[in-house]
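One structure below.
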Amino acid sequence: PTVAPLKANEVTAPFIKGKDFLLLDGLMPDASIKAATIAKSVGVPVMLHAGSLRPGMEELIPLCDYVVASEGFARAYGKTPSAALGRLVAAGASVATVTLGSRGSVTADSRGGEKRPKRFKTPAFKVTAVDSTGAGDVFHGAYIYGLLRGWPLEQTVKFASATAALKCTSAGGRSGIPTLSAVNRFIRERG
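Plus 1 on top of the position in the sequence shown (first one is 1) and you've got my numbering.
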């Protein structure tokens, strides 16, 4: 980090209470664990962006409703994306998604109460990539957007995938972020 790391004692309930969603990356484990604990206590859903396996993740995962993991994290955590999905859900995540780059993503959803979580694959949208900087962040933001809109999970993950793919067609981590209308048009045109 380019700023002083957030300390656990700096994370307070007023910072989280009343928010729609909390997205964490586990970079500052003590602060992340405290934030997730507070969020759970006040009914704020929590998503973990698991880009790499970091110290404190084992403690953080059970506090998260949603875990979106990179393929690198999945292989370090569970050897295979499929095994990682099972392990993430067994650890307490209600929904786990592993992103696989140009191969799309795989998701396990345990919210239905079935003995085995529902699993599905979401294909990647094929694009000519110019710059993938920020694609993961865009994926997470679009995923949360779909959840907050109350969309079915399959639609949410497809929307996140489309948004990240479209981001990759433009240069710049921030300047390449597509608008909502551009994403909707892209999905209409590409299916």
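All C-beta atoms in this analysis are idealised placements derived from N, C-alpha and C, irrespective of residue type, glycine included.
What you are looking at is a predicted structure, and each value in this text was computed from that prediction instead of being measured.
| Query | Result |
| --- | --- |
| Go ahead and pull the three-state DSSP assignment for ASP26. | coil |
| Compute the beta-carbon to beta-carbon distance between TYR144 and THR157, rounded to the nearest angstrom, for a pair I have assumed lies under 8 Å. | 6 Å |
| Classify ASP110 as helix, strand or coil using the three-state DSSP reduction. | strand |
| Since LEU149 is in the alpha helix (DSSP H), which residue starts that stretch and which ends it? | 136–149 |
| Are GLY137 and THR108 closer than 9 Å when you measure CB to CB? | no |
| State the beta-bridge partners of VAL99 as determined by DSSP. | ALA70 and VAL107 |
| So, for PHE16: in the same chain, excluding its five sequence neighbours on each side, which residues have a beta-carbon less than 6 Å away from its beta-carbon? | none |
| Going by other Cβ atoms of all chains shown within 10 Å of its Cβ, with 16 needed for buried, is GLY151 buried or exposed? | exposed |
| Let's see if you can read the secondary structure: which residues bound the beta strand (DSSP E) around ARG189? | That residue, ARG189, is in no beta strand (DSSP E); its alpha helix (DSSP H) goes 181–191. |
| Is PRO63 closer than 9 Å to GLY93 when the C-beta atoms are compared? | yes |
| Flag VAL45 as yes when its Cβ comes closer than 8 Å to any non-hydrogen atom of the ligand MN, and as no otherwise. | The model depicted lacks the ligand MN and carries no ligand whatsoever. |
| For VAL90, collect the residues of the same chain with a Cβ closer than 7 Å to its Cβ; drop the 5 residues on either side in sequence, then sort them by chain order. | ALA97, ALA109, SER111 and PRO118 |
| From the DSSP output, which residues share a beta bridge with LEU49? | LEU25 and VAL68 |
| In its own chain, which residues sit with a C-beta less than 6 Å from the C-beta of VAL43, not counting the 5 before and 5 after it? | LYS18 |
| Taking the alpha carbon of ASP66 as the reference point, which residue from VAL47, ALA165 and GLY142 has its own alpha carbon closest? | VAL47 |
| Helix, strand or coil: how does DSSP classify LYS159 here? | helix |
| Are there 16 or more other CB atoms within 10 angstroms of the CB of PHE121, so buried, or fewer, so exposed? | exposed |
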